[in-house]
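See structure below.
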Amino acid sequence: MSSTAATTVGAVRRARRGSLVRRVLTVLGLPVVLLLAWWFLSAGSENYYAPPLQTIVEAFPSTWFEGRLTADVLPSVYRLLVGYAAALVVGIALGVAIGLSPRLRAFCEPPLEFFRAIPPPVMIPILMLFLGIYTPMKIFVIATGCLWPILLNTIEGVRAIDEVLRDTSSVYRLRRITVLRTLILRGASPQIVTGARQALSVGIILMVISEMFAASNGLGFTIVQFQRSFAIPQMWTGIILLGLVGVVLSLIFRAVERPVLAWYHGLRQSQRGGNR
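Residue numbering for the sequence shown follows the UniProt record's numbering, starting at 1 and increasing by one per position.
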């Protein structure tokens with residue numbers, strides 16, 4: 001390898017390392033600053049309800065790594081994932097059907113507007129009468145709340161697909177399953193992913209609320225039990241753990257989103273390059 005080629009390769013590697021460092025600093029910079037500020041500002045705090053962060057961190061392992069991780073955290077994540085998956089399947093299926101049919105959309109629009117205006121937590125006391133306080137009730141609450149962002153964004157995504165592309169698929173007599181997979185779902189996927197991202201945040205909120213109303217385990221139940229028993233450092237550890245669960249799920253979502261929307265990001269990037 002010539003000296004010029006070696007210099008070029010070295011420059012490329014340094015540029016990649018520099019880009020990676022900048023990304024890490026961008027992602028972790030603000031959280032680290034906030035944690036350091038919390039650590040130093042709360043040091044020596046004598047407020048019973050706002051203990052020092054050091055005390056909370058010291059209480060974290062004994063609170064969650066001695067049985068509660070499997071008894072409380074995993075059941076909560078299971079309910080969230082099952083309810084979220086059900087909302088994805090139902091929301092995308094109904095959204096595609098309604099988005100493709102103007103008559104069905106006109107028929108369904110009034111009841112959809114009515115039911116989506118009802119906050120899912122309000123339904124918990126009613127659902128408890130029919131489903132009890134067990135896992136099915138919590139999954140149903142999560143699925144109901146996650147359904148609306150996915151459904152409405154799917155409808156709008158399907159409606160926004162270019163009519164020329166639909167007519168072209170009809171002219172070429174493509175099979176319905178091919179049109180659905182390559183045109184409808186792919187064309188609406190940016191909107192679907194947006195709705196799925198919103199639904200994930202809603203699902204985490206409903207997971208906690210449903211467990212606070214009526215449960216015998218779960219993150220929400222445990223946090224409330226700590227609060228009622230005045231175990232304040234343990235209560236704060238539950239809140240921090242809930243935030244960490246949200247961060248992990250968000251990272252997993254981004255990892256899945258990247259290959260799903262690779263074509264879309266590539267198209268946007270090429271359009272930006274063409275506009276230059």
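We treat Cβ as the ideally placed atom computed from N, Cα and C, and that holds for glycine. Small disclaimer: the values here were computed from a predicted structure and weren't measured.
Check                                                                                                                                                                             : Outcome
Go to Arg-105, then tell me how far its alpha helix (DSSP H) extends in each direction, as first and last residue.                                                                : 102–116
Alpha carbon to alpha carbon, how far is Pro-41 from Tyr-48?                                                                                                                      : Correcting the residue type first, residue 41 is Leu in the shown sequence and not Pro. Roughly 15 Å between the two C-alpha positions.
Straight-line CA distance for Ile-240 to Ile-133?                                                                                                                                 : 26 Å
What ranges does the alpha helix (DSSP H) occupy inside the stretch 143–223, keeping only unbroken runs of at least 4 residues that lie completely in it?                         : 163–171, 176–179, 185–213
Among Ala-231, Ser-201, Thr-237, Leu-206, which one has its Cα closest to the Cα of Val-248?                                                                                      : Ser-201
With distance defined between alpha-carbon atoms, name the residue in Glu-211, Ala-188, Val-256 nearest to Ala-160.                                                               : Ala-188
Using the rule of at least 16 other Cβ atoms within 10 Å of the residue's Cβ for burial, across every protein chain shown, is Trp-148 buried or exposed?                          : buried
When the Cα of Lys-138 is compared with those of Glu-113, Arg-116, Ser-216, Phe-114, which residue comes out closest?                                                             : Ser-216
Tell me whether Arg-228 is buried or exposed, calling it buried when 16 or more other Cβ atoms sit within 10 Å of its Cβ.                                                         : exposed
Label Val-168 either buried or exposed according to how many other C-beta atoms from any shown protein chain fall within 10 Å of its C-beta, with 16 as the threshold for buried. : Note that residue 168 is Thr in the sequence shown here, rather than Val. Classification of Thr-168: exposed, given that the 10 Å Cβ count is below 16.
Check for me: the alpha helix (DSSP H) holding Ile-252 runs from which residue to which?                                                                                          : 232–260
Check whether the Cβ atoms of Val-158 and Gly-99 lie closer than 8 Å to each other.                                                                                               : yes
If you draw a straight line from the alpha carbon of Trp-64 to that of Arg-103, how long is it in whole angstroms?                                                                : 53 Å
With respect to the alpha helix (DSSP H) encompassing Val-57, which residues constitute its N-terminal and C-terminal limits?                                                     : 53–64
On the three-pair Cβ rule with 8 Å, is the stretch 249–267 touching the stretch 178–193?                                                                                          : yes
Which word fits Gly-203, buried or exposed, when buried means at least 16 other C-beta atoms lie within 10 angstroms of its C-beta?                                               : buried
If we count the other Cβ atoms within 10 Å of its Cβ and call it buried at 16 or more, is Phe-140 buried or exposed?                                                              : buried
If I follow the unbroken alpha helix (DSSP H) through Met-123, where does it start and stop?                                                                                      : Element bounds for Met-123: n/a, residue is neither H nor E.
Where does Gly-29 fall in DSSP's three states?                                                                                                                                    : helix
What's the C-alpha gap between Ala-59 and Thr-237?                                                                                                                                : 7 Å
Of the residues Glu-113, Ser-62, Glu-66, Leu-112, which one's Cα is nearest the Cα of Pro-233?                                                                                    : Ser-62
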